[in-house]
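Undergrad:
Number of protein chains: 4
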Amino acid sequence: MDTHIKNSTQPVKPYEENRARMLISCPDGPGLVAAVSQFLHEHGANIVQFDQYTMDPEGGMFFMRVEFDLDQLDDRLSNVRADFAAIADKFQMEWKLYPLKQKKKLAIFVSKEDHCLVELLWQWQAGDLDAEISMVISNHADMKEYVESFGIPYYHIPVTPDTKKEAEQKQLEIVADKVDLIVLARYMQIVSPALISPYRNRIINIHHSFLPAFVGGKPYAQAYERGVKIIGATAHYVTEELDGGPIIEQDVQRVSHRDNVNELKRIGRTIERVVLARAVKWHVEDRILVHQNKTVVFN
Amino acid sequence: MDTHIKNSTQPVKPYEENRARMLISCPDGPGLVAAVSQFLHEHGANIVQFDQYTMDPEGGMFFMRVEFDLDQLDDRLSNVRADFAAIADKFQMEWKLYPLKQKKKLAIFVSKEDHCLVELLWQWQAGDLDAEISMVISNHADMKEYVESFGIPYYHIPVTPDTKKEAEQKQLEIVADKVDLIVLARYMQIVSPALISPYRNRIINIHHSFLPAFVGGKPYAQAYERGVKIIGATAHYVTEELDGGPIIEQDVQRVSHRDNVNELKRIGRTIERVVLARAVKWHVEDRILVHQNKTVVFN
Amino acid sequence: MDTHIKNSTQPVKPYEENRARMLISCPDGPGLVAAVSQFLHEHGANIVQFDQYTMDPEGGMFFMRVEFDLDQLDDRLSNVRADFAAIADKFQMEWKLYPLKQKKKLAIFVSKEDHCLVELLWQWQAGDLDAEISMVISNHADMKEYVESFGIPYYHIPVTPDTKKEAEQKQLEIVADKVDLIVLARYMQIVSPALISPYRNRIINIHHSFLPAFVGGKPYAQAYERGVKIIGATAHYVTEELDGGPIIEQDVQRVSHRDNVNELKRIGRTIERVVLARAVKWHVEDRILVHQNKTVVFN
Amino acid sequence: MDTHIKNSTQPVKPYEENRARMLISCPDGPGLVAAVSQFLHEHGANIVQFDQYTMDPEGGMFFMRVEFDLDQLDDRLSNVRADFAAIADKFQMEWKLYPLKQKKKLAIFVSKEDHCLVELLWQWQAGDLDAEISMVISNHADMKEYVESFGIPYYHIPVTPDTKKEAEQKQLEIVADKVDLIVLARYMQIVSPALISPYRNRIINIHHSFLPAFVGGKPYAQAYERGVKIIGATAHYVTEELDGGPIIEQDVQRVSHRDNVNELKRIGRTIERVVLARAVKWHVEDRILVHQNKTVVFN
Numbered sequence: 001m002d003t004h005i006k007n008s009t010q011p012v013k014p015y016e017e018n019r020a021r022m023l024i025s026c027p028d029g030p031g032l033v034a035a036v037s038q039f040l041h042e043h044g045a046n047i048v049q050f051d052q053y054t055m056d057p058e059g060g061m062f063f064m065r066v067e068f069d070l071d072q073l074d075d076r077l078s079n080v081r082a083d084f085a086a087i088a089d090k091f092q093m094e095w096k097l098y099p100l101k102q103k104k105k106l107a108i109f110v111s112k113e114d115h116c117l118v119e120l121l122w123q124w125q126a127g128d129l130d131a132e133i134s135m136v137i138s139n140h141a142d143m144k145e146y147v148e149s150f151g152i153p154y155y156h157i158p159v160t161p162d163t164k165k166e167a168e169q170k171q172l173e174i175v176a177d178k179v180d181l182i183v184l185a186r187y188m189q190i191v192s193p194a195l196i197s198p199y200r201n202r203i204i205n206i207h208h209s210f211l212p213a214f215v216g217g218k219p220y221a222q223a224y225e226r227g228v229k230i231i232g233a234t235a236h237y238v239t240e241e242l243d244g245g246p247i248i249e250q251d252v253q254r255v256s257h258r259d260n261v262n263e264l265k266r267i268g269r270t271i272e273r274v275v276l277a278r279a280v281k282w283h284v285e286d287r288i289l290v291h292q293n294k295t296v297v298f299n
Numbered sequence: 001m002d003t004h005i006k007n008s009t010q011p012v013k014p015y016e017e018n019r020a021r022m023l024i025s026c027p028d029g030p031g032l033v034a035a036v037s038q039f040l041h042e043h044g045a046n047i048v049q050f051d052q053y054t055m056d057p058e059g060g061m062f063f064m065r066v067e068f069d070l071d072q073l074d075d076r077l078s079n080v081r082a083d084f085a086a087i088a089d090k091f092q093m094e095w096k097l098y099p100l101k102q103k104k105k106l107a108i109f110v111s112k113e114d115h116c117l118v119e120l121l122w123q124w125q126a127g128d129l130d131a132e133i134s135m136v137i138s139n140h141a142d143m144k145e146y147v148e149s150f151g152i153p154y155y156h157i158p159v160t161p162d163t164k165k166e167a168e169q170k171q172l173e174i175v176a177d178k179v180d181l182i183v184l185a186r187y188m189q190i191v192s193p194a195l196i197s198p199y200r201n202r203i204i205n206i207h208h209s210f211l212p213a214f215v216g217g218k219p220y221a222q223a224y225e226r227g228v229k230i231i232g233a234t235a236h237y238v239t240e241e242l243d244g245g246p247i248i249e250q251d252v253q254r255v256s257h258r259d260n261v262n263e264l265k266r267i268g269r270t271i272e273r274v275v276l277a278r279a280v281k282w283h284v285e286d287r288i289l290v291h292q293n294k295t296v297v298f299n
Numbered sequence: 001m002d003t004h005i006k007n008s009t010q011p012v013k014p015y016e017e018n019r020a021r022m023l024i025s026c027p028d029g030p031g032l033v034a035a036v037s038q039f040l041h042e043h044g045a046n047i048v049q050f051d052q053y054t055m056d057p058e059g060g061m062f063f064m065r066v067e068f069d070l071d072q073l074d075d076r077l078s079n080v081r082a083d084f085a086a087i088a089d090k091f092q093m094e095w096k097l098y099p100l101k102q103k104k105k106l107a108i109f110v111s112k113e114d115h116c117l118v119e120l121l122w123q124w125q126a127g128d129l130d131a132e133i134s135m136v137i138s139n140h141a142d143m144k145e146y147v148e149s150f151g152i153p154y155y156h157i158p159v160t161p162d163t164k165k166e167a168e169q170k171q172l173e174i175v176a177d178k179v180d181l182i183v184l185a186r187y188m189q190i191v192s193p194a195l196i197s198p199y200r201n202r203i204i205n206i207h208h209s210f211l212p213a214f215v216g217g218k219p220y221a222q223a224y225e226r227g228v229k230i231i232g233a234t235a236h237y238v239t240e241e242l243d244g245g246p247i248i249e250q251d252v253q254r255v256s257h258r259d260n261v262n263e264l265k266r267i268g269r270t271i272e273r274v275v276l277a278r279a280v281k282w283h284v285e286d287r288i289l290v291h292q293n294k295t296v297v298f299n
Numbered sequence: 001m002d003t004h005i006k007n008s009t010q011p012v013k014p015y016e017e018n019r020a021r022m023l024i025s026c027p028d029g030p031g032l033v034a035a036v037s038q039f040l041h042e043h044g045a046n047i048v049q050f051d052q053y054t055m056d057p058e059g060g061m062f063f064m065r066v067e068f069d070l071d072q073l074d075d076r077l078s079n080v081r082a083d084f085a086a087i088a089d090k091f092q093m094e095w096k097l098y099p100l101k102q103k104k105k106l107a108i109f110v111s112k113e114d115h116c117l118v119e120l121l122w123q124w125q126a127g128d129l130d131a132e133i134s135m136v137i138s139n140h141a142d143m144k145e146y147v148e149s150f151g152i153p154y155y156h157i158p159v160t161p162d163t164k165k166e167a168e169q170k171q172l173e174i175v176a177d178k179v180d181l182i183v184l185a186r187y188m189q190i191v192s193p194a195l196i197s198p199y200r201n202r203i204i205n206i207h208h209s210f211l212p213a214f215v216g217g218k219p220y221a222q223a224y225e226r227g228v229k230i231i232g233a234t235a236h237y238v239t240e241e242l243d244g245g246p247i248i249e250q251d252v253q254r255v256s257h258r259d260n261v262n263e264l265k266r267i268g269r270t271i272e273r274v275v276l277a278r279a280v281k282w283h284v285e286d287r288i289l290v291h292q293n294k295t296v297v298f299n
């Protein structure tokens, strides 16, 4: 880990130059796959990856992710968007189209526990997390020097019961229009609706239990108390309901009666960082569609 | 699977002839391991397997499982028991001593879903479940012929809201003094306190979720609704609290948005039967100690 | 498990009536997804599931699986096939088209160990294996009565070094033109090239190790000797190279120094039957494409 | 991760002050558990954890790990050692006795890939790896600044075909008498017998495959070529046979046809670092006994 990298953006790889991704949700109906693939073909695009899922063949929802190459993408993107609007309209699609060159911008929120932050920074530096880490925001000063050594701005915004509202306002100002995704990397404060609302399905939290078991505080103590034989962690989008948002990814590990709460925490740290990193990776690669309170993940 | 076996007991293997197991729980204190191992050595026993666990070195509980060989075990067992009483007394031990020849007797309760029953019968017939299956009790008649083809008695005791009490009374009479362990192999009736009380920590249930998530009915529908990415099953001892007893074993499998409720059930069936079979195996091999609402499993 | 079912075919479910699946392999090129989806749309078919994979965007192979509904499928299938030939020709496609009503016919080969056979029969009877089990062939007579109780023909063809060639000839005659897939469910004889050749990529074997570790005989003894901490099983298509064919599925379980060879075998039996059943399920659902010595599995 | 820690030793926790561990291997025989536990009891020691394993009750090997508290351990340790010699002699024991305060000293060897080193340093800094990291040795200079920021000496010893012998001599001089364990954290040079011999069962390597599959170079390319559905990593003690030493720990993760060699490497990096860290943790906690080419791990 070379702590001297001063540029927080991933370099653009050659194959990314002319590649884009579309995410589509709409009511299912005949001709959807044909319409989209025909459209892309007529515009000279070559499909590289195509994923589709229909929730229920009889009147359910249709979800699609398509990755394609198009020569001179930069010049033609606005035309493609304009032309696609007609199809989108016809099928009542919600849709997004991102060129791969346009990396997602991340704000990572962290408190005192560093393992999830360290993992994200390591994966990002190893080139495994294809995003720009624009900033780290913390209610503590502990990681300041470490984060800044990567050339990433660090905002220390203390939160106390008295200053909570003000602190949230400050957070909101700092991230506004600057980041595409907020990652709560063991950020031990409940985020306010004022932050959730503009970042609907764009705030990922890691909860240190296998949800919906052990909602709320001290999940490892709850797990120890209940005597479970497997513990887990859950990455989910944040909604107004505590630990109740759409689940993106979960993983688990076997434990035994020998593991006390501290051991559970130690084992859990590795699950947490791996699960959170996967969820963030999938989000920045546009692999996740949200429908009601569930995710469709094309991975 | 030879359905013509007419003898529900496992044969005694040569090494089992003179082998016995002790299970001990007591407050921790100095000299426990020395006292037990010295006792066994002085009585000519050779320790084959020794497991120990101290919940908390400062004033916690001490759990021990020891497997030993003793020549002419049959003749000497009552003496060993009598002599050990003094040590047990000194250390305030709860203890049990079983010769391996004395196979545990099982009653399996089942409703309409057959996968857990089939698994137990298959493992038992393959020689992997070292027990005697004394009877199968069901509120339906469906499996009668299949179970009887193994030479195992099948009791069909219908349960309706009106006859529930009477049915439970009949179950109790049938199992009383005849079985050591009751296995609820997807038995879809809540068992009454009248049955739980005499079989405290001797009724194993398989719950088709990763407890404590999705307590109660229709756990796969609950899991689908919540959009979890991993499903599981839990084997636990039955207590008066629904799905709240000491957990013996759990296992899980990854699922995705593509899996509807029926797929979850299909995937879950394999988890359920494997988890239940493991728990039953550990119980009949005297590998489980229960303390408060948790299990110590020496496996 | 009702041993009185005398009909070895799964019933056709309503949604299967007009549903079909296509499997396509061809060199990658522009317009493939569009061509196929447009074709289906123009013929009035509605795509239910669409999977695609391109091995290497630059000049690699393209694989596609599409599941679609088409009204009056029976009447229109031959037309669809005839019309699709032009597209297939243009893109140099290898392709198959199966109506779901046309269940794959299976011959299961077994020796003395019954666990894989029992699993397949149980999953088939539970409705989880959507195929017809046309026959069981064995070099032993042990399972005859059990298999016949399901209404499935059982052919006992003993194999000795002297009669091997003759026995293989007999097997070939029995299966010829009657089965679509041969499943070696712990069949402990090496099958001859004479059988492999007409059933290229249509013979599935379960090898009781995590291939390519422990090729050949006695893999659990080899695993014990090497002291591995995880054991596994591998389902693969049979080729002329022993245990060298395309891998379909693998799974593993953790073991420890406490597990001797017999314990490894016991643990392994559950891995073997689960892995084999998954591979067979995917094959009969047309989810597997083979390219060179590797599989693409759309599951 | 506070890069300003300048002291590479873990602090001694209060409970460690008077705690010690014994590791014993010997031919099995009657009275072993009694002799050791009686000895400890008579010397005033209180057993905290006791693990035992007999490879084969009939004439096999016996392995034991015991953790105990003894007041004024420092003053009495040499007496305990002297007194135990008689028992050890009687039972032909190989044995070791370590006070917990005496942390194992580690040398970590690394080349260019940093993930295993970063993991070990992170776990060590989080207090999860109870050892002293005495030095890092590398054939490259890349990590120098990063490692030194932890206060750990970094020795850059380039290795070329011409200077290999000289480089190994230098490594040997640097580690000699200063470290208890050498960890090859993706060190991409084959270590010489001259280093292996004095560090028999004290050099841990991480091999990036599920051994014995894919011995030697480029295991991920081999895995891709073979089309396996699960990849793994293996931590083992280094012997003169390449990738052939006693296996300590393995773990795996599911992959699919979609994962090319680079994806396998990416997924593998997380398995590698987790598996290596577990093996190192168990070694420094004296949980591993080696017999012939296999390990007994009391974890």
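Residue numbers (full-length UniProt numbering), protein chains in the order written: chain U, 1 to 299; chain E, 1 to 299; chain D, 1 to 299; chain S, 1 to 299.
Heads up, the beta-carbon is just placed ideally off N, CA and C, and yes, glycines get one too.
As the structure is a computational prediction, the values presented were derived from the model and not from experiment.
#1: Does any CB atom of chain U fall closer than 7 Å to the CB of D128/S?
#2: Any idea what DSSP makes of P161/D, helix, strand or coil?
#3: Residue ranges of each alpha helix (DSSP H) run of no fewer than 4 residues wholly in the region 192-226 of chain D, ordered along the chain?
#4: Could you check how far apart the C-beta atoms of H43/D and L77/D are, in whole angstroms? I think they sit under 8 Å.
#5: Spatial neighbours of S111/S within its chain, please: CB distance less than 8 Å, with the 5 preceding and 5 following residues excluded, ordered by chain position.
#6: Checking 7 Å against the spacing of the C-beta atoms, do V290/D and N205/D come in under that value?
#7: Between the region 278-292 of chain E and the region 19-38 of chain D, do three or more beta carbon pairs fall short of 8 Å?
#8: For S25/U, list the residues DSSP reports as bridge partners.
#9: Could you please tell me which residues of the region 249-277 of chain D, in chain order, have their CB closer than 9 Å to any CB of chain E?
#10: Beta-carbon of F50/D versus every beta-carbon of chain U: anything under 7 Å?
#11: Let's see if you can read the secondary structure: which residues bound the beta strand (DSSP E) around G232/S?
#12: With a 10 Å radius around its C-beta and 16 neighbouring C-beta atoms as the bar for buried, classify P246/U as buried or exposed.
#13: Using alpha carbons as the reference points, say which of D142/E, Q125/E, T163/E lies closest to F150/E.
#14: Sort L106/E, I47/E, D75/E, F39/E by Cα distance to A86/E and report the nearest one.
#15: Can you look up Q125/U in the DSSP assignment and give me helix, strand or coil?
#16: Looking only at its own chain, which residues have a Cβ that is under 6 Å from the Cβ of H207/D, when we skip the five neighbours before and after it?
#17: Taking C-beta pairs closer than 8 Å, name the residues in chain D that H115/E reaches, listed in chain order.
#18: Using the Cα positions of K218/E and I24/D, report the straight-line distance between them to the nearest angstrom.
#19: Out of curiosity, what's the CA-to-CA distance linking N293/E and V238/E?
#20: Closer than 8 Å by C-beta to I148/E: which residues in its own chain qualify, once you throw out the five before and the five after it? Chain order, please.
#21: Per DSSP, A131/D forms a beta bridge with which residues?
#22: Are E52/S and F50/E touching if we call contact CB-CB under 7 Å?
#23: What residues of chain D sit near Y220/S, judged by a beta carbon separation below 9 Å?
TA: Result, derived from the coordinates:
#1: yes
#2: coil
#3: 193-196, 219-226
#4: Wrong, their Cβ atoms sit about 11 Å apart, outside the cutoff.
#5: S138, N139, H140, R186, Y187, M188, Q189
#6: no
#7: no
#8: F63/U, E94/U
#9: R258, R266, R269, T270, V274, A277
#10: yes
#11: 230-237
#12: buried
#13: Q125/E
#14: F39/E
#15: helix
#16: T234, D243
#17: W122, A126
#18: 39 Å
#19: 11 Å
#20: Checking the displayed sequence, the identity of residue 148/E turns out to be Glu instead of Ile. So the qualifying residues of the chain are Y154.
#21: K104/D
#22: Glu is not the amino acid found at residue 52/S; the sequence shown has Gln there. For Q52/S and F50/E, yes; Cβs fall inside 7 Å.
#23: Those within 9 Å of Y220/S in chain D number zero; the least Cβ separation is about 14 Å.
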